[in-house]
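Asker: Residue numbers (my numbering): 3 to 625. Starting off with a structure, shown below.
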């Protein structure tokens with residue numbers, strides 16, 4: 003009897019230490035993975051032939067000598083599914099401690115609920131090993147998945163405690179360019195998470211992301227440290243292999259206008275071979291058998307394979323759709339960057355050749371035909387709080403982010419004075435009805451008031467009194483990657499206010515984009531010439547008091563806004579613009595509905611007295 007027990011124990015120990023089955027990730031996926039309609043456009047059993055460029059990436063995970071895999075990719079290339087297949091194989095065949103890092107708490111929760119839960123539910127081999135999340139069972143919750151031989155922690159890049167919680171053998175870092183540069187004062191979240199793997203000789207680290215700005219992109223830096231493999235396809239005419247890039251495409255399209263916007267009808271898209279110049283259709287190129295070509299093969303000696311994908315190789319993107327996005331983005335810097343990052347999987351190269359000066363903007367000021375030009379659909383106000391005054395700016399917003407500066411000025415007096423004189427003057431601006439060329443009048447829709455400085459309590463108190471007028475206290479937060487506008491986790495309910503956090507660096511980037519647009523249209527900033535509007539040369543110079551510098555912190559390049567010592571002006575105008583802009587971007591404003599009202603009968607459009615519901619953060623009505 004004792005011998006049988008010993009034999010059984012010996013067998014169990016041998017199974018524990020036995021090497022995993024010789025099955026690649028792609029083989030495992032084709033055998034076991036089923037896709038749900040909830041998370042994928044292609045449902046049913048996984049097929050490697052659907053997107054053949056994924057196979058080599060997946061199989062690098064089980065390749066001997068490869069420790070790190072980097073995927074720099076555009077959207078709709080299936081990079082999330084690649085990660086899921088890697089994790090699924092680990093759970094099934096090679097279990098151990100695993101960690102998936104997402105940019106934030108909410109994305110971590112969403113990934114678990116949608117991606118992980120769906121994969122487990124649709125894969126019989128996983129369903130029997132990973133039970134459903136139960137809030138009262140510590141071994142299996144939304145953010146912790148336990149299975150025989152290991153566990154999966156789904157962490158947030160914004161939580162230092164989660165990143166240093168325990169050693170892990172398998173580390174998956176998703177959308178690394180969206181991570182904060184430092185977390186909890188402890189450094190780069192990528193470095194913190196990677197340190198958890200150092201005790202494992204057979205560790206695997208997978209980094210995935212769409213890139214951002216050249217010189218600041220973490221995924222681009224990791225990609226350059228690897229083999230730099232691009233998915234290349236042969237030309238049907240000459241056989242030369244090429245990575246399909248945007249300049250190699252010809253587009254035949256029609257341009258027309260609908261709903262006040264430019265629209266594009268794409269007739270034909272052809273790829274032109276850089277070698278023989280022959281042109282080919284999407285169908286012809288998608289039928290070709292591609293391969294990866296490495297630009298830095300020696301990186302394999304370090305165990306780092308890196309891959310670059312763009313939407314042109316994806317079976318889910320469609321060339322016509324890609325090119326429509328491209329045409330819609332042309333000439334609009336922020337959209338161009340989004341297209342470059344999301345569709346091309348490339349870093350955005352900032353154009354420094356067309357920088358506008360304060361003197362240029364002062365010289366191009368306009369004579370408005372009314373207090374508010376006809377293109378304005380919404381008015382917002384930003385208020386900067388100083389010890390002895392309030393500074394404000396009112397901005398009008400139209401379609402495609404085009405904006406008209408309306409008025410800026412100073413209200414002298416202490417914000418915390420018992421007389422509340424400055425706030426009574428601010429009320430006059432809130433009640434003022436600004437006249438349009440058609441005779442209609444508009445009020446300020448939303449106002450953001452800075453609560454920093456020495457008068458915080460006074461700002462909270464006065465904003466609480468004006469919530470029905472959509473006056474909200476804000477707190478600025480610097481740093482690259484901060485969300486532009488978000489509701490504070492500390493709602494200050496006891497004080498009866500709603501506090502918003504403004505990522506001021508994100509706002510400054512938008513302002514810089516807008517100021518550098520040279521022609522009226524999308525993103526262009528109009529300035530009034532009327533002296534009473536307050537846009538003196540000194541005030542305009544205040545918009546140029548800061549500049550971007552690239553600083554290396556903890557081995558990572560970061561964009562840092564610093565004082566420009568060459569500009570002799572105060573920065574309050576920049577802050578006011580930022581807050582007024584945040585008051586526009588912070589809510590889902592229904593411009594279509596507002597425009598319909600403005601085109602109606604000649605009447606004053608009155609603002610709703612109902613406070614904004616924080617969860618919806620949507621405005622469809624009043625001005």
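Glycine residues also receive a C-beta, built at the ideal position from the N, C-alpha and C atoms. Model, not experiment: these values are computed from the prediction.
With DSSP as the reference, label residue 374 as helix, strand or coil.
Answerer: Coil, per DSSP.
Asker: Would you grab the beta carbon distance between residue 381 and residue 428 for me? Rounded to a whole angstrom, and I think it's under 8 angstroms.
Answerer: Not really, about 14 angstroms apart at Cβ, beyond 8 angstroms.
Asker: Tell me which residue opens and which closes the alpha helix (DSSP H) that residue 206 is part of.
Answerer: Note, residue 206: premise wrong, no alpha helix (DSSP H); beta strand (DSSP E) at 206 to 211.
Asker: What residue range does the beta strand (DSSP E) around residue 635 cover?
Answerer: Lying outside 3 to 625, the shown extent of the chain, residue 635 is not represented and no answer is given.
Asker: What does the Cβ neighbour count give for residue 223, buried or exposed, with the cut at 16 atoms within 10 Å?
Answerer: Its Cβ being crowded by 16 or more others within 10 Å, residue 223 is buried.
Asker: Name the DSSP beta bridge partners of residue 251, please?
Answerer: 273.
Asker: Name the DSSP bridge partner or partners of residue 149?
Answerer: According to DSSP, which records beta bridges pairwise, residue 149 is partnered with 152.
Asker: Pull up the DSSP beta-bridge partners for residue 388, would you.
Answerer: Its beta-bridge partners are 391.
Asker: How would you write the range of the alpha helix (DSSP H) that residue 160 sits in, first residue to last?
Answerer: Segment: none, residue 160 is in no alpha helix (DSSP H) and carries neither H nor E.
Asker: Using CA coordinates, which residue listed in 374, 507 and 546 is at the minimum distance from residue 485?
Answerer: Closest by alpha carbon: 507.
Asker: Should residue 2 go down as buried or exposed, given a rule of 16 or more other Cβ atoms within 10 Å for buried?
Answerer: The displayed coordinates of the chain run from 3 to 625. Any statement about residue 2 would go beyond what the structure contains.
Asker: For the region 355 to 373 against the region 435 to 443, do three or more pairs of beta-carbon atoms, one drawn from each stretch, fall closer than 8 angstroms, so that the two count as touching?
Answerer: Contact holds: three or more Cβ-Cβ distances are below 8 angstroms.
Asker: Would you call residue 583 buried or exposed, if buried means 16 or more other Cβ atoms sit within 10 Å of its Cβ?
Answerer: So residue 583 counts as buried.
Asker: Could you tell me the distance, in whole angstroms, from the CA atom of residue 537 to the CA atom of residue 436?
Answerer: Approximately 18 angstroms between the Cα atoms of the pair.
Asker: Identify whether residue 443 lies in helix, strand or coil by the three-state DSSP scheme.
Answerer: Looking at residue 443 - three-state DSSP - the assignment turns out to be strand.
Asker: Out of curiosity, what's the CA-to-CA distance linking residue 182 and residue 159?
Answerer: C-alpha separation (whole angstroms): 7 angstroms.
Asker: Less than 8 angstroms between the CB atoms is what I'm expecting for residue 520 and residue 504, so what's the real figure, rounded?
Answerer: Wrong, their Cβ atoms sit about 28 angstroms apart, outside the cutoff.
Asker: Leaving out the 5 sequence neighbours to the left and right, which residues in its chain are closer than 8 angstroms to residue 496 when beta-carbon positions are compared?
Answerer: Reliability of the predicted coordinates at residue 496 is poor, the pLDDT of 45 falling under 50, and the value obtained from them is presented with this limitation in mind. Excluding sequence neighbours, residue 496 sits near nothing in its chain.
Asker: Expressed to the nearest angstrom, what Euclidean distance is found between the alpha-carbon atoms of residue 167 and residue 147?
Answerer: So the two alpha carbons sit approximately 15 angstroms from each other.
Asker: Per DSSP, which residues does residue 552 bridge with? Please list them.
Answerer: In the DSSP output, where bridge partners are listed per residue, residue 552 has 561.
Asker: Measuring only the C-alpha atoms, how far is residue 611 from residue 459?
Answerer: Caution is warranted here: a pLDDT of 33 is assigned to residue 611, below 50, making its placement in the model unreliable, and the coordinate value is therefore given only provisionally. Each residue's alpha carbon lies about 24 angstroms from the other.
Asker: In chain order, what residues of the same chain have a beta carbon less than 7 angstroms from the beta carbon of residue 255, not counting five sequence neighbours either side?
Answerer: Here the set comprises 266, 267, 268, 269 and 329.
Asker: Give, in chain order, every unbroken run of the beta strand (DSSP E) that is at least 3 residues long and sits entirely within the region 166 to 211.
Answerer: Fully enclosed beta strand (DSSP E) runs of 3 or longer: 172 to 176 and 206 to 211.
Asker: Return the first residue and the last residue of the alpha helix (DSSP H) that residue 419 is part of.
Answerer: It is not in any alpha helix (DSSP H) - residue 419 carries neither H nor E in the DSSP assignment.
Asker: For residue 214, which beta-bridge partners are listed by DSSP?
Answerer: Its beta-bridge partners do not exist; DSSP assigns none.
Asker: What did DSSP end up calling residue 484 once you bin it into helix, strand or coil?
Answerer: In the structure shown, residue 484 sits in coil (DSSP, three-state: anything other than H, G, I, E or B).
Asker: Which residue spans inside the region 37 to 92 form an unbroken alpha helix (DSSP H) run of at least 4?
Answerer: Counting whole runs of 4 or more residues, the region 37 to 92 contains the alpha helix (DSSP H) stretches 55 to 62.
Asker: Under the assumption that residue 216 contacts residue 350 (Cβ atoms under 8 angstroms), give the Cβ distance between them as a whole number of angstroms.
Answerer: Going by Cβ atoms, the distance from residue 216 to residue 350 rounds to 6 angstroms, so yes, they are a contact pair.
Asker: Do the region 99 to 116 and the region 244 to 251 make contact, defined as three or more Cβ pairs closer than 8 angstroms?
Answerer: Flag = no, the region 99 to 116 and the region 244 to 251 do not touch.
Asker: Starting from residue 105 and walking both ways along the beta strand (DSSP E), at which residues does that stretch end?
Answerer: It is not in any beta strand (DSSP E) - residue 105 carries neither H nor E in the DSSP assignment.
Asker: State buried or exposed for residue 530, treating a residue as buried only when at least 16 other CB atoms are found within 10 Å of its CB.
Answerer: Its Cβ being crowded by 16 or more others within 10 Å, residue 530 is buried.
Asker: Hey, quick one: how far does the beta strand (DSSP E) through residue 477 stretch, first residue to last?
Answerer: First-last of the beta strand (DSSP E) with residue 477: 473 to 479.
Asker: Quick one: what does DSSP say residue 339 is sitting in, helix, strand or coil?
Answerer: Note: residue 339 maps to helix in three-state DSSP.
Asker: Measuring straight from C-alpha to C-alpha, what distance separates residue 201 and residue 169?
Answerer: Straight-line Cα distance between these residues: approximately 7 angstroms.
Asker: Who does residue 99 pair with in a DSSP beta bridge?
Answerer: Residue 99 is bridged to 153.
Asker: Roughly how many whole angstroms lie between the Cα atoms of residue 294 and residue 55?
Answerer: If you take the alpha carbons of residue 294 and residue 55, they lie about 8 angstroms apart.
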